[in-house]
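Note that this note's numbering has the sequence shown beginning at 225, numbered continuously upward.
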Amino acid sequence: MRATQEHTDLATRLGRVIIFCVLVVVAAAFLVAHVLAWRWASEPFLGMLLEPTLVLSSPGGRGWAQLQFDPPLGYPDRLIAIDAQPVERYADVVAILSEHTVGDTVWVLVEHPDGELREEQITLAPFPLRDLFLLFIVPYLVGLTYLGIGVWVYWVQGWGRAGLVCTGLCAAVALILGGIFDISTTHRLAILWSAAVPFAAAAAIHLALVFPQEPRFVRRVPLLRLLPYLPAIFLTLRSALSVYDVSQPWGYINHWRNSYLFIGVGIFFLLGLLLYRLVRPPSPLVRQQSRIILLGAALAFLPLLPWLVPSILGHAVPFFTSLYVPPFVLFPLSIAYAILRYRLLDVDRLLSRGLAYGALTFLIVVAYFAFINGLGHLFAVKADDPVLLSLFVLTLILLFNPLRDWAQRLVDRVFFREPADYRATLQDFSRELTQMLDLDAVLAEVGRRVEGALHPARQWVCLYDEDLACYIGQPLGRGQGATFPVTFAPDGALTRWLRDHQECLYLPAERGLPAELADEWVQMGALGAVVYVPLRTRERLSGWLALGPKRSGQPYRSDDLAFLSALADQSALAVENARLFASVRRNLAAITEMKNLMDDVFSSIASGVITTDIRDKVTLFNRAAESILGIRADEIIGRPCQQILHPLGDDLQHLVSQVKRSATPVMAYEIQPELPTRGPVWLRMNLSPLKDSRDVITGVTIVVDDLTEQRRLEARVRRIRETFERYVASAVVERLLSNPESVRLGGVRQEITSFYADIRGFTAFSEKTEPEFQIEVLNRHLTLAAGAILAQEGTLDKFVGDSAMAIFNAPEPQEDHALRAVWAALAMQEAIREHHAQVDERERLHFGIGIAVGDAVVGNIGSAVVQNFTAIGDCVNLSCRLSDLAEPGQILVSAEVYERVKDHVEAKFIGHVQVKGHSQPDPVYEVVRLKDESPSD
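Structure below.
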């Protein structure tokens, strides 16, 4: 859309430049024609006018030498010699005549197209002033009038397509009229004149295609508008090449005849299309404009037909300038009136006033002569008698205003529609508005007043919608509507124009849409409006009225727009009041509905909600608060909040006062009071300042959450978890709690480090001691083992008698799981040594530790009722075998473990061990100590 508009703007600018250049050329040609004509008229006159190839021109004035012969000399004779001197061009004629003066006689030799020669003697004479007036001054002045009308239309309506074409047509016809004398005298403007004739015809056809309305086929194919200029260019080239061709002196005649035929076609096409639009108009406006142009064109061109038709048929007919030329002025005047009447609002007013004053002047002149002659005849008084003149002037002064008003009413009644009484309409409308608060009623009354005064084809009102944040159009009256909602953006082009300007926006259909409004031509086209009247209140654009063209086809006058502006000023306030009243009603209904909704919400939410006013009186106490605090709402509403806060503690009362003073909320304040109706409870309080629309504190909002059951449940879960962790590794517990779906039989294959620690000599120890003492000593040693393993984030698999099994890298991955197992083993042996230093010899037990790395299946093993998180694989068996081989206090590791930790520990090779299930003996290493490194935390 924007690209199309930019293309149109570019074409319009190019057209303006072309037409401006044409106007400059025509104006220059007029100046040249004026100088050439007066210079030529001062030279001796041969008694005949000659065309560019010295063919005698058809016009002939009374007393001209060419008419004194029998038969007279004339078209299509051609001058070929003067005083026996051959002449081919007009320059030759000028050279010969420059040697003679007025009164000299010369012999002229002329040739007929059939070859017949004729010689006559002619006496040179001055060119008659009467003929100069008829042949030059009259058409020159008419052409100058054409040029002036064209310049006026270009100045006023130069941005419209019709205005540009009308200017071009006026310029072409002006050049024809201004140069018609030159083509029979000096021939300096012959080529321009030859081009002006066909281009005037093309412009007439072009004008018929664009004004008053473009036909549908032209709108579909815009280039058709330029099609008439192709034959015009062709005819111009043919005429320009032949007009000075002395080898074929009569050749240009046929080309000029074709141009005459083309201009006849152009005139008939223009008149025919205007007649068609008059009979079948698309709108009353087009009918009115067609009628105006058709009347002006008929009065201008029809008198030309008696000369044009015979000329086309090849018959020489005299061109009576004084008869044919002056009516030409009516044609551009009719077009200018049709165009500008619908664009300049006061054209009708000026025309009406002009006709009224003209009629009044005519009446005064008639009355003056009747008065003077009547009194002079009755009383024998002379016409210049001062008493008589004074009496007439006095009578005229007394009767002038009544006569002027009467003449104005007569002209308006005969030629123009009687204007509506806008003042009475506005007064009556103002009285009606005082009784209206309903928006629909106000808009209906506005539509009724506009309909009664102006009778527009359609009416729309566009009002700003606060919810949608745009202007929405709605029709006023019945039978009006759009196929889609018509909306305008608050920052759109039309909205900005109406907001920035104080007057109505008047856009007649023929003017086209201004470039600054091109972005919204779709919405404006949907409205079909030509007048936009802003509705303003307190510098705010509430909306606008949009009116279509009048059903009568008449344009909107300045009085109409002034009436609409006054009506809009009264309507804007009424519309704003009605919208405000409707908004208040909607808001009241919404507030009532919201209050009911909030009551329902507060009644249904689980948290207790308590609100107080500035005096600490309870204003809201919902059902949840009743249930939590054990107090009924009807017992506390309107009473001091201290009655409900006292059982909750003094600190809470202090916090309420603090929130009210500092306007700072207090969040997640937990208390454990003992309520009379419920006993010990756990409550969380959120206190916030309650503010009104002016940000003034009006009270405090207290939200009470009952955490009693939640805290009891958390304590129960905590006890269960602590108990659970005594039997299952904490990592396994965390995994089970975070992902309950993992509690199912089965496992996954992955690499782990298996850690196995077994107490050496426990069997002999158990034979010498009591079972109770055995359990006590065993638990102390296993506790030390478990602490060392868990410190390195290992997973305790199980305790089997006097043995402890752990795995690393499961269930959580550990990049250094082998090193962690070795660190745990060293830490465990160190803890055992420290423990032995504090106990008796008989309580000292020693662990043998085996560590191996390999793949194993890790997961839940057991039944659906009882499960155990463990690992099964060859590396588990190997670590158990190494533990059995280890001496008390010894740490044995597999070769794979050694390769992974050798950079961190000191170890020594023990030898090869044959493990059950292995075909080859396995190398075994003993870890002695760390290499000056500390174990990881």
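All C-beta atoms, glycine included, are put in the ideal place defined by N, C-alpha and C.
In this text the structure is predicted, and so the values were computed from the model without any measurement.
Looking only at DSSP bridge pairs, what is PHE845 linked to?
ILE834
Residue interval of the alpha helix (DSSP H) (run including LYS884)
874-886
Would you mind stating whether TRP220 and LEU722 have Cβ atoms separated by less than 9 Å?
What is shown of the chain runs 225 to 1161, which leaves residue 220 out entirely.
How far does the alpha helix (DSSP H) with LEU1162 in it reach, from first residue to last?
The chain is shown only over 225 to 1161; residue 1162 falls outside these bounds and no answer can be derived.
Exposure of GLU774, with buried meaning 16 or more beta-carbon neighbours within 10 Å
Reading off the sequence, residue 774 comes out as Lys, not Glu. LYS774 comes out buried.
Do the segment 353-367 and the segment 412-430 touch if we need at least three Cβ pairs shorter than 8 Å?
no
Complete runs of the beta strand (DSSP E) confined to the segment 752-793 [at least 3 residues]:
Segments of the beta strand (DSSP E) lying fully in the segment 752-793: 755-761, 764-771.
Look at the alpha carbon of LEU485 and the alpha carbon of GLY752, and state the distance between them as a whole number of angstroms.
41 Å
So what's CYS686 in DSSP terms, helix, strand or just coil?
strand
If you draw a straight line from the alpha carbon of LEU180 to that of GLY239, how long is it in whole angstroms?
With the chain running from 225 to 1161 in the structure shown, residue 180 is simply not present.
Rounded to whole angstroms, what is the Cα-Cα separation between GLY271 and ILE346?
In a straight line, the C-alpha of GLY271 is about 7 Å away from that of ILE346.
VAL332: first and last residue of the uninterrupted beta strand (DSSP E) it sits in
329-335
What is the DSSP secondary structure of LYS915, counted as helix, strand or coil?
Residue state, collapsed to three classes: strand.
If you follow the beta strand (DSSP E) that THR347 is part of, which residue opens it and which one closes it?
Here the beta strand (DSSP E) through THR347 covers 341-347.
Apart from the five residues just before and just after LEU433, which ones in its own chain have a Cβ nearer than 6 Å to its Cβ?
VAL442, ARG449
Spatial distance of LEU765 from ASP837 (CA atoms)
41 Å
Does the distance from the C-beta atom of ILE1075 to that of SER978 stay below 9 Å?
yes
Would you kindly report the start and end of the unbroken beta strand (DSSP E) that includes MET1029?
1027-1032
Report the three-state DSSP secondary structure of THR711 (helix, strand or coil).
The three-state reading of DSSP puts THR711 in strand, counting E and B together.
By Cβ distance, which residues of its chain are closer than 8 Å to GLN1114, with the 5 residues on each side in sequence left out?
Taking C-beta separations shorter than 8 Å and ignoring five residues to either side along the sequence, the partners of GLN1114 in its chain run GLY1072, ILE1073, GLU1150, following chain order.
To which residues does DSSP link PHE269 through a beta bridge?
According to DSSP, which records beta bridges pairwise, PHE269 is partnered with ALA349.
GLU1232 bridges to which residues according to DSSP?
Absent from the structure is residue 1232, since the part of the chain shown begins at 225 and ends at 1161.
Is it buried or exposed, TRP480, if we count other Cβ atoms within 10 angstroms and call 16 or more buried?
buried
Euclidean distance between Cα positions of VAL503 and ILE621:
If you take the alpha carbons of VAL503 and ILE621, they lie about 49 Å apart.
What is the rounded straight-line gap between the Cα of ILE696 and the Cα of HIS725?
20 Å
Shortest alpha-carbon distance to PRO534 belongs to which of THR410, GLY488, ALA386, GLY520?
Sorting THR410, GLY488, ALA386, GLY520 by C-alpha distance to the C-alpha of PRO534 places GLY488 at the top.
Cα-Cα separation between ALA631 and SER782, rounded to whole angstroms
21 Å
Who are the Cβ neighbours of ASP1156 in its own chain at under 6 Å, not counting the five residues just before and after it?
Its chain contains no residue whose beta carbon lies nearer than 6 Å to that of ASP1156 once the 5 sequence neighbours on both sides are disregarded.
Three CB pairs or more closer than 8 Å across the segment 976-991 and the segment 1056-1073:
yes
By alpha-carbon positions, which one of GLY402, PRO473, THR410, ALA396 ends up nearest to THR460?
ALA396
What number of angstroms, rounded off, separates the C-alpha of GLU1130 from the C-alpha of GLU1058?
21 Å
What separation, rounded to the nearest whole angstrom, lies between the Cα atoms of GLU642 and LEU451?
Low local confidence applies: a pLDDT of 45 at GLU642 is under 50, so the model's placement there is unreliable, and no value is given.
Give me the Cβ distance between VAL927 and VAL833, rounded to the nearest whole Å; I'm assuming they're in contact under 8 Å.
6 Å
Bridge partners - ALA981, DSSP secondary structure assignment
ALA1028, ILE1073
Span of the beta strand (DSSP E) holding ALA305?
302-306
State the beta-bridge partners of TYR695 as determined by DSSP.
According to DSSP, which records beta bridges pairwise, TYR695 is partnered with TYR688, PHE712.
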